[in-house]
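All remarks here apply to the structure that follows.
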Amino acid sequence: MAAPEDPRRRRVGLLYDERMCHHATPDGEIHPENPDRIRAIWQKLESEGIPQRCVVLSAKEAEDKYIASVHTPRHIKLIKNISSKKFNSQHLRIASEFNSIYFNKGSSEAAYLAVGSVMEVSEKVAKGDLDSAIAIVRPPGHHAESDEAMGFCLFNNVAIAANFLLNERPELGIRKILIVDWDVHHGNGTQNMFYKDPRVLFFSVHRFDFGMFYPASGDGSYCMIGEGPGAGYNINVPWEQGQCGDADYVAVWDHVLLPVAESYDPDIILISAGFDAAVDDPLGGCCITPYGYSLMLKKLTGFAQGKIVMALEGGYNLKSIADSVLACVKVLLEEKPLVGSIKAQPLESTWRVIQEVCHELKTFWLALSVELPQKVLVSNWRPCSVELNLSSSSESTVENDGGASITICATNFVEIIEPLSKLNMDEDNHGKAITLDHIPTDKSPVVLSEECPNAQALMPDKNVDGCTHWRSVLSKNEVWYGSYGSNMWKPGFLCYIKGGKVEGMNEPCPGSQDKSSPKGVIWKTVPHQLFFARSLTRTWGKGGVAFLHPESNKNDKAYMCMYRITLEQFNDVLLQENSLHQENGKSQGAGATLLDLSDIGVVAENKSLPLEALKAGWYSNILYLGEEDNLPILTMTCSCSEIDQFRSGELPISGPSNDYMNTLVRGLVEGKQITREEAIAYINDAAMREL
Ligand code: Q9C
Ligand code: ZN
Numbered sequence: 005m006a007a008p009e010d011p012r013r014r015r016v017g018l019l020y021d022e023r024m025c026h027h028a029t030p031d032g033e034i035h036p037e038n039p040d041r042i043r044a045i046w047q048k049l050e051s052e053g054i055p056q057r058c059v060v061l062s063a064k065e066a067e068d069k070y071i072a073s074v075h076t077p078r079h080i081k082l083i084k085n086i087s088s089k090k091f092n093s094q095h096l097r098i099a100s101e102f103n104s105i106y107f108n109k110g111s112s113e114a115a116y117l118a119v120g121s122v123m124e125v126s127e128k129v130a131k132g133d134l135d136s137a138i139a140i141v142r143p144p145g146h147h148a149e150s151d152e153a154m155g156f157c158l159f160n161n162v163a164i165a166a167n168f169l170l171n172e173r174p175e176l177g178i179r180k181i182l183i184v185d186w187d188v189h190h191g192n193g194t195q196n197m198f199y200k201d202p203r204v205l206f207f208s209v210h211r212f213d214f215g216m217f218y219p220a221s222g223d224g225s226y227c228m229i230g231e232g233p234g235a236g237y238n239i240n241v242p243w244e245q246g247q248c249g250d251a252d253y254v255a256v257w258d259h260v261l262l263p264v265a266e267s268y269d270p271d272i273i274l275i276s277a278g279f280d281a282a283v284d285d286p287l288g289g290c291c292i293t294p295y296g297y298s299l300m301l302k303k304l305t306g307f308a309q310g311k312i313v314m315a316l317e318g319g320y321n322l323k324s325i326a327d328s329v330l331a332c333v334k335v336l337l338e339e340k341p342l343v344g345s346i347k348a349q350p351l352e353s354t355w356r357v358i359q360e361v362c363h364e365l366k367t368f369w370l371a372l373s374v375e376l377p378q379k380v381l382v383s384n385w386r387p388c389s390v391e392l393n394l395s396s397s398s399e400s401t402v403e404n405d406g407g408a409s410i411t412i413c414a415t416n417f418v419e420i421i422e423p424l425s426k427l428n429m430d431e432d433n434h435g436k437a438i439t440l441d442h443i444p445t446d447k448s449p450v451v452l453s454e455e456c457p458n459a460q461a462l463m464p465d466k467n468v469d470g471c472t473h474w475r476s477v478l479s480k481n482e483v484w485y486g487s488y489g490s491n492m493w494k495p496g497f498l499c500y501i502k503g504g505k506v507e508g509m510n511e512p513c514p515g516s517q518d519k520s521s522p523k524g525v526i527w528k529t530v531p532h533q534l535f536f537a538r539s540l541t542r543t544w545g546k547g548g549v550a551f552l553h554p555e556s557n558k559n560d561k562a563y564m565c566m567y568r569i570t571l572e573q574f575n576d577v578l579l580q581e582n583s584l585h586q587e588n589g590k591s592q593g594a595g596a597t598l599l600d601l602s603d604i605g606v607v608a609e610n611k612s613l614p615l616e617a618l619k620a621g622w623y624s625n626i627l628y629l630g631e632e633d634n635l636p637i638l639t640m641t642c643s644c645s646e647i648d649q650f651r652s653g654e655l656p657i658s659g660p661s662n663d664y665m666n667t668l669v670r671g672l673v674e675g676k677q678i679t680r681e682e683a684i685a686y687i688n689d690a691a692m693r694e695l
């Protein structure tokens with residue numbers, strides 16, 4: 005055994021207590037958050053001789069007065085009493101009123117021990133009695149809200165410990181705490197507890213899937229940056245999808261977390277260490293290896309004089325969590341250098357997410373305003389920056405500055421233009437479905453960044469895969485594009501034609517390639533039900549977006565503003581609607597046919613055309629609403645099968661956000677259809693009605 009006075013020997017606290025295994029499902033039902041999780045971790049550490057090299061601690065129950073710093077008296081009382089006799093018969097009934105929660109007779113004690121454990125090791129690390137520590141606790145904590153148990157969490161262990169250090173132990177000199185939440189789920193509870201508090205920088209990287217991944221609210225969005233004095237001190241890195249692994253996390257560490265940590269200079273780091281982003285986790289769908297976790301942890305040891313406390317959160321594959329915790333403890337022990345390598349490159353969506361996060365926070369953290377390194381941009385060609393000149397006053401390229409000129413994220417631009425460029429048109433077969441006069445196009449200049457060679461592929465005048473050909477065919481045909489949503493407001497719709505963004509939109513649109521104005525605007529009502537669904541969109545943020553029930557019903561009436569545009573423009577609008585509202589990060593249809601003239605014939609015949617290529621988008625269906633001036637009226641909405649999913653709750657129904665609502669009202673009022681009061685009543689009625 006090394007001499008205790010050896011200054012290189014790290015004092016690593018290790019806390020495990022069998023009593024936390026007593027929290028289990030009341031009737032022994034199988035549950036991913038079960039006692040075997042912490043047993044498996046402990047057994048693994050023992051089999052590797054780890055406890056002998058650490059300072060082993062046992063748990064103490066936390067006192068209510070400390071828990072009260074984040075939880076309401078009502079919530080504390082509930083958790084205290086859930087295991088008492090008189091509650092027994094009611095367990096199931098009570099638990100069923102909660103979101104992903106169960107209770108048994110061991111639950112209260114385990115909950116108090118989990119909090120007490122994290123407090124205990126945090127205090128010891130803050131004091132310097134320990135260099136770092138890991139608390140192998142359950143139930144987990146980061147979903148617990150001040151007055152609500154949820155997501156397998158009863159008390160918010162990490163938040164209580166952070167408050168304890170800040171408020172109860174000022175003599176320890178902990179003034180700034182960095183909480184790193186790498187559990188695959190968003191740490192909603194912790195975020196809320198410190199949302200206005202700059203003394204705690206909360207950083208969470210999690211699967212978000214555009215608001216569809218648990219806890220499935222908008223809280224995990226990168227837009228949630230903190231409020232008041234806490235503005236800038238809440239950082240969310242929301243993955244667009246699963247599959248993220250070592251390379252993605254390391255990219256976020258290198259480009260977001262570490263630069264911010266450097267500048268924030270925390271006095272201690274608390275890690276909400278869930279291991280459900282580990283490879284083979286049944287809930288997470290991500291693939292961090294034990295080596296990945298060890299690297300993520302290692303990179304944090306350079307801050308706060310190495311004062312790091314890890315508290316277990318989720319993680320549901322016994323082998324994965326045991327191996328991952330072992331790898332982390334070895335990092336804290338600093339006995340050997342890390343060995344391993346990262347296999348894959350980051351996903352392209354990872355660079356997009358990093359850009360979004362940096363963009364949102366760069367006014368708070370200067371280090372986030374640096375461009376991503378060029379090698380990143382070249383090896384992942386989608387995210388390189390493209391400047392799109394929207395008007396003649398071209399002095400600066402300051403983003404969205406008075407509308408003179410904007411910088412758009414090339415990701416969107418590529419996604420929108422590239423799939424179209426692959427579209428193959430067979431003019432002879434389908435050209436007669438609709439025939440109209442040729443409308444000459446006047447293209448706006450597209451300025452591409454010099455340093456990005458791949459961007460050449462975007463040059464609109466290059467004949468890429470027949471791009472010019474199909475565009476010229478589609479450009480000769482006109483349709484009425486019918487809008488019942490935000491595009492009823494003309495300035496909003498014009499963003500999809502001319503590019504740019506209007507009030508309420510989160511990000512600018514690239515516009516259509518043919519930027520000429522619509523050749524006509526008329527209003528109509530259609531016998532379809534308007535409703536609002538989904539819960540978050542990129543363009544409008546939180547809140548549902550408008551859909552039209554694809555089936556008509558004579559009792560329904562929806563207002564519709566119709567724009568006369570070319571089929572080529574309709575294509576570009578369709579793609580923007582879908583890529584900006586997409587759910588899975590990118591249009592699945594790169595390379596697939598999105599729309600050709602034969603499709604329009606099919607649409608007219610069947611009244612609708614579900615677009616396979618746009619499955620990942622919000623609007624996967626083109627609806628034919630008849631004719632006007634011998635031109636087809638087309639709109640975009642969901643498919644009939646999605647209606648069933650909305651009805652069953654599989655896909656969320658959600659009222660419009662205020663911004664979105666205002667835009668619809670503005671469209672109806674400025675379009676001289678109805679008064680403001682009538683418009684509000686119309687939207688509210690649509691939001692209330694059952695599907
Ligand atoms: N359809 C932690 O990892 N999933 N909590 C519920 C309901 C709950 C995860 C799915 C996942 C909670 C600490
Ligand atoms: Zn989790």
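Residue numbers (this note's numbering): 5 to 695. Don't be surprised by glycine CBs; every beta carbon is placed ideally from N, CA and C.
Option in the options with minimal Cα separation from residue i
i      : options                           : result
Glu172 : Ser73, Leu613 and Gly504          : Ser73
His79  : Leu176, Cys157, Lys561 and Val483 : Cys157
Arg142 : Asp21, Glu338, Leu695 and Val549  : Asp21
Gly120 : Lys64, Ser111 and Ala130          : Lys64
Lys480 : Ala550, Phe574, Tyr488 and Gln56  : Phe574
Ala683 : Ser490, Met640, Gly278 and Ala235 : Ser490
Cys25  : His189, Lys323 and Lys109         : Lys109
Leu169 : Leu274, Ser112, Asn238 and Cys227 : Leu274
Ile140 : Leu117, Ala550 and Pro36          : Leu117
Ile312 : Thr194, Tyr199, Ile292 and Ala165 : Ala165
Thr305 : Ser328, Pro286, Leu337 and Phe279 : Leu337
Gly524 : Asp223, His532, Met566 and His147 : Met566
Thr641 : Gly605, Tyr488, Gly17 and Pro660  : Tyr488
Residue i - DSSP class collapsed to helix/strand/coil
i      : result
Arg142 : coil
Gly696 : The requested residue 696 does not occur in the structure, where the chain is confined to residues 5 to 695.
His363 : helix
Ile86  : coil
Gly496 : helix
Lys611 : coil
Tyr563 : strand
Thr29  : coil
Val343 : coil
Asn240 : strand
Tyr628 : strand
Glu555 : strand
Arg211 : strand
Glu266 : helix
Val256 : helix
Lys528 : strand
Asp633 : coil
Ile684 : helix
Gln649 : helix
Pro512 : coil
Asp518 : coil
Environment of residue i [buried if 16+ CB atoms lie within 10 Å]
i      : result
Ile358 : buried
Leu370 : exposed
Asn634 : exposed
Met692 : exposed
Val184 : buried
Gly318 : buried
Gly232 : exposed
Ser398 : Low confidence applies here, because Ser398 scores a pLDDT of 27, under 50, leaving its location unreliable; read the following figure in that light. Under this definition Ser398 is an exposed residue.
Thr679 : exposed
Gly177 : exposed
Pro341 : exposed
Val549 : buried
Lys700 : As shown, the chain starts at 5 and ends at 695. That puts residue 700 outside it, with no answer to give.
Residue-chain proximity (residue i, chain D), Cβ-Cβ < 8 Å
i      : result
Gly234 : The chain inventory of the structure shown lacks chain D, comprising one protein chain alone.
In chain order, what residues place their C-beta within less than 6 Å of a heavy atom belonging to the ligand ZN? Around the ligand ZN, the residues selected by a Cβ distance under 6 Å to any of its heavy atoms are Asp187, Val188, His189, Gly278, Asp280, Glu317 and Gly318, following chain order.
Whole beta strand (DSSP E) elements within the region 103-173, 3-residue minimum: 136-139
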